[in-house]
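**Student:** What follows is a structure written as C-alpha cells; I'll ask about it next.
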C-alpha cells in the first residue's frame, strides 16, 4: 500500500500504480505472471483501472472496475477470488485506489436527490444518532467512546503508512471540534488519498510463486443491504452479521477463532457496531472491553491494529484492500512494533453506502488464515 | 430491456428495476431463485445496483457494480458467468442501466484533465479522423458510409424498444447537421436512457429453469487497451481482434461460423472498424458489402439487427446487456419482422474508453449459440 494521507500532487492512477508495483515486488513475481485484474474505487471516473494497468506496463489484461461504496476495494478481492475459482485465471491483481482530496476537501457531499441527507441524515449525523442511542441503551460513556480513536491512533502511530502518526488522549478527543453531537473531529475518519494492492493466486500458483509467504483467503463474502438485513435497531447491524455468517460458514471458522480484525471504523461508534455485529464481542460489551485493553495489540482480540480508518485513513476504494494488506502482514509476522503475537486467523470487514435505511448498502467480510 | 430513449421522469434505478422484472418474467423463474447480481453503469453514482435490488425486492443478495466505460453492461454479464463457473452461484442477474440525459444533454463532456480532448480529440473528433483516413486508405465514399445509419435505423424501425423508430435516407444523413467532418448527426449514436437485464444460469439451473428457452453463452471475453493492442493504424483495431480471438478460442467457433452480430456502432465509421476488427469482413471490404446488402437482416451476415447504437440508442451501461438481449431473442426466433432466418451463432461486441491512445480502453466480446 502507498502512504495514506493527503497527496495534492498525485492522482488515483498514480497511487494505484505505486501500490501495484509494491504488491508485485512483495509477491516476488514477474509482473507478466498476472493474468487479469480488478480495480475498486468510488469517485475516480471511468476506466481508472485500465489507466493503472497502462501505467505499470500491464495493459491488455482483462480488467474490471468495481464499485460497492466503501466496500469497493474488498469487492475487488472477492471478484479476483471468483475469477480464480472459476478456473479462468491463476494470478489476479486486486487494486483499490482513491484520490479523495481531489474529489472534495471535506466529507463527500450527499447525493442531492437523497431526501434523508437533505434533512441532515448525512453519514456523521446518522452515526451520531447511533452513538447517542447506544449510550442510552447500553450505558456507554462519552469517555469510553473516545477510547476507540485513542486506541486506533496509537496503533497508527506505529504504522509508517498511516495518515495520522500521532497519539492522542481522551481529552483531545473530547475537546476536538464538534462534528455531529456527540461525535467530534477525532471520532471521524479523515478525507484520505491512497491505494493498496494484493496479488490473489490459485493454490497451484501459490505453490509455484508463494515462497511459503502466501496467506490463505479462507472466505470473501459480500451482501447488499435490504429491509431484512438493515438495522431495525440503531445499535445492531444484521447486514454485518449476515455477511459474517456467510464467511464463517465458508471458512469453517467461528468468531471465537478470530485472532484479530480490521473493521470499518468510519466513526468511533462504527467500530462498536461492527465488532458486535460480527459476533466478536457481545452486544453492549465492547466499550468496556476496550477500556480493559482487550482490543489493544497485546489484548485478547486486537481490533484495527493498522490504525483503522480513524488512524490509518479512509481512501474509500483503497480501504478494503489495505485492510487485507494489514491482515497478510500480521499473519506473516511482518508488522514490526505493532505485531500481534501468534496471529493465525484475521478478519476484515467493510460496510459502505447508506448507514440506515432499506437500500443502497454493501458489506464485505474476508477471513485470512496463516 | 426497457424502451430506449429519453425518459425525463425516470432514473437509472427505476429503469434498471423495470429491466430486471422483465428478465425475471421472460425467464419464467421465481425471483427468489436469483442468488447474486452484477450491475453495469458508468455515470449513475455509487450503489446503483443495490438500489435496483431493493426496488425489486431482492436486496440482501451479493451485488457488485462494475464499470468498464461503454463495455460496462457486457462486463456485468462476464462477471456473472465467472461467479457461476466458480461454483459460487447457479442463477445470477446481470443488469445494465444508464440515465444519460440526467447526466448531460449532449455527448458526455471529456475529462478536463485529458490533454487530447482539450485540443479537440473528443470521441466525435477522433472517429471523424478515423473515417477520413479509412476513406483515404480504402476508397470508401461518403455515401457508402451513410448507408450504415440508413441500415441500422431501418432495423430500429422494426424494434419496438428502439430510441429511433423512423427510417432515414442517405440524403438525410448527408444533409443532417455536421458534428465533426465527415460525420453528421445521423452518423452519431444518440444520448439515450435505458436499461436491460439478463439471467445467467449454470447448466444445472438451465436444465431446471430453462424450459428449453435458454441460450448458451459460449464465450464472454474482456481485454483492456494497451500499447500493443491499440491501433497503430487509425483504420484497424487490434484490441477488438485480441478480444475476439480469445472468444473464438473459448467458444471453439471461428468468425466464419458467426451468423449475425451486434457491434459497437457508436459512430457510423465505428461499425466498419468493428466488423473488420472482429474478422467478420476483410479489411477495407465492409462498406461495399453493406452497399450490396450483405449486412441487412436478410443478407449474408446481418450486423446490428436491433438497430445498433445508432438506431436503438446507446445508454452506456445498458448497451452491452441490450446487445445480448437481441442475440437471445434472435437465437430463440422471437424477433418478429426483424427475425434473422436460421440464426444459430450470434456475437456481441463493445468497446469503451479512449478511441485511440495507449490507455483507458475496455473491449468485450460475447458469443451466444442456440
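Chains as they are written, first to last, in my numbering: chain A, 1 to 370; chain B, 1 to 370.
Don't be surprised by glycine CBs; every beta carbon is placed ideally from N, CA and C.
Every value quoted in this text rests on a predicted model; they were computed, and no experiment measured them.
#1: Can you tell me whether residue 317/A is buried or exposed? The criterion is at least 16 other CB atoms within 10 Å of its CB, across all chains shown.
#2: Would residue 51/B pass as an interface residue toward chain A - the criterion being a Cβ-Cβ separation below 9 Å?
#3: So, with DSSP's three-state summary, where would you put residue 236/A?
#4: Can you list, in chain order, the residues of its chain with a C-beta nearer than 6 Å to that of residue 120/A? Leave out the 5 residues immediately preceding and following it.
#5: At a CB distance below 8 Å, what residues from the segment 196 to 213 of chain A approach chain B? Give them in sequence order.
#6: Using a Cβ-Cβ distance cut-off of 9 Å, determine whether residue 62/A contacts chain B.
#7: Report buried or exposed for residue 141/A, applying the criterion of at least 16 other Cβ atoms within 10 angstroms of its Cβ.
#8: According to the Cβ coordinates, are residue 196/A and residue 56/A closer than 9 Å?
#9: Whose CA, out of 364/B, 40/B and 192/B, lies closest to the CA of residue 277/B?
#10: Could you spell out the range, first to last residue, of the beta strand (DSSP E) harbouring residue 50/A?
#11: What are the residues in the segment 82 to 95 of chain B lying within 7 Å of chain A by C-beta distance?
#12: Rank 103/A, 288/A, 128/A and 261/A by C-alpha distance to the C-alpha of residue 301/A and give the top, closest one.
#13: Per DSSP, what are the beta-bridge partners of residue 304/A in this structure?
#14: Rounded C-beta distance between residue 215/A and residue 368/A? I'm assuming under 8 Å.
#15: Once the 5 residues before and after residue 190/A are set aside, which same chain residues still bring their CB inside 6 Å of it?
#16: Using a 10 Å radius around the Cβ and a threshold of 16 neighbouring Cβ atoms, would you call residue 224/B buried or exposed?
#17: Short check: CB of residue 46/B to CB of residue 69/A, under 9 Å?
#18: If the cut is a Cβ gap below 8 Å, which residues of chain A does residue 75/B touch?
#19: Does residue 71/B come out as helix, strand or coil in the three-state DSSP assignment?
#20: Where does residue 11/A sit, in a helix, a strand or coil, going by DSSP?
#21: Determine which residues share a DSSP beta bridge with residue 350/A and list them.
#22: Could you tell me the alpha carbon to alpha carbon distance between residue 176/A and residue 167/A, rounded to whole angstroms?
#23: Under 8 Å by Cβ, that's how I've got residue 346/A and residue 259/A pegged, so tell me the actual separation to the nearest angstrom.
#24: Give the range of the alpha helix (DSSP H) segment to which residue 272/A is assigned.
#25: Kindly indicate which three-state DSSP category residue 309/A falls into: helix, strand or coil?
#26: Taking all protein chains shown into account, decide if residue 17/A is buried (16 or more other Cβ within 10 angstroms of its Cβ) or exposed.
#27: Please name the residues in the segment 250 to 279 of chain B whose beta-carbon is closer than 9 Å to at least one beta-carbon of chain A, in chain order.
#28: What are the residues of the segment 25 to 49 of chain B that lie near chain A, defined by any Cβ-Cβ distance shorter than 7 Å?
#29: Starting from the C-beta of residue 234/A, find all residues in its chain whose C-beta is less than 8 Å away, skip the five residues before and the five after it, and write them out in chain order.
#30: If I measure Cβ to Cβ from residue 307/B and keep anything under 6 Å in the same chain, skipping five residues before and after, which residues do I get?
#31: Give the straight-line distance between the Cα atoms of residue 102/A and residue 333/B, rounded to the nearest whole angstrom.
#32: Can at least three beta-carbon pairs, one atom from the segment 91 to 99 of chain B and one from the segment 5 to 20 of chain B, be found at a separation below 8 Å?
#33: Taking a contact to mean a Cβ-Cβ separation below 9 Å, would you say residue 244/B touches residue 255/B in this structure?
#34: Going straight from the alpha carbon of residue 248/A to that of residue 146/A, what length do you get?
#35: Indicate whether at least one CB of chain B lies closer than 9 Å to the CB of residue 68/A.
#36: If I follow the unbroken alpha helix (DSSP H) through residue 136/B, where does it start and stop?
**Tutor:** For this structure:
#1: Buried, because 16 or more other Cβ atoms sit within 10 Å of the Cβ of residue 317/A.
#2: Yes, residue 51/B counts as interfacial toward chain A.
#3: coil
#4: There are no such residues.
#5: Listed in sequence order: no entries.
#6: Taking a beta-carbon distance threshold of 9 Å, residue 62/A counts as an interface residue toward chain B.
#7: Exposed, because fewer than 16 other Cβ atoms sit within 10 Å of the Cβ of residue 141/A.
#8: no
#9: When only C-alpha atoms are compared, the closest one is 364/B.
#10: Taken as a continuous stretch (DSSP letters only), residue 50/A belongs to no beta strand (DSSP E), being part of the alpha helix (DSSP H) at 48 to 55.
#11: Contacts with chain A (Cβ-Cβ distance below 7 Å) from the segment 82 to 95 of chain B involve 82, 83, 85, 86, 87 and 88, listed in chain order.
#12: 261/A
#13: None, per the DSSP bridge assignment.
#14: 5 Å
#15: 163 and 313
#16: buried
#17: Yes, the Cβ-Cβ distance between residue 46/B and residue 69/A is below 9 Å.
#18: 64
#19: Correct three-state label for residue 71/B: coil.
#20: coil
#21: Paired residues: 364/A.
#22: Straight-line measurement puts the Cα of residue 167/A at about 14 Å from the Cα of residue 176/A.
#23: 6 Å
#24: Here the alpha helix (DSSP H) through residue 272/A covers 268 to 277.
#25: helix
#26: buried
#27: none
#28: 42, 45, 46 and 47
#29: 129, 130, 133, 134 and 356
#30: Result list for residue 307/B: 152, 155, 156, 159 and 162, in chain order.
#31: Taking the straight line from one Cα to the other gives about 51 Å.
#32: Contact holds: three or more Cβ-Cβ distances are below 8 Å.
#33: yes
#34: 30 Å
#35: At a cut-off of 9 Å between C-beta atoms, residue 68/A counts as an interface residue with respect to chain B.
#36: 123 to 138
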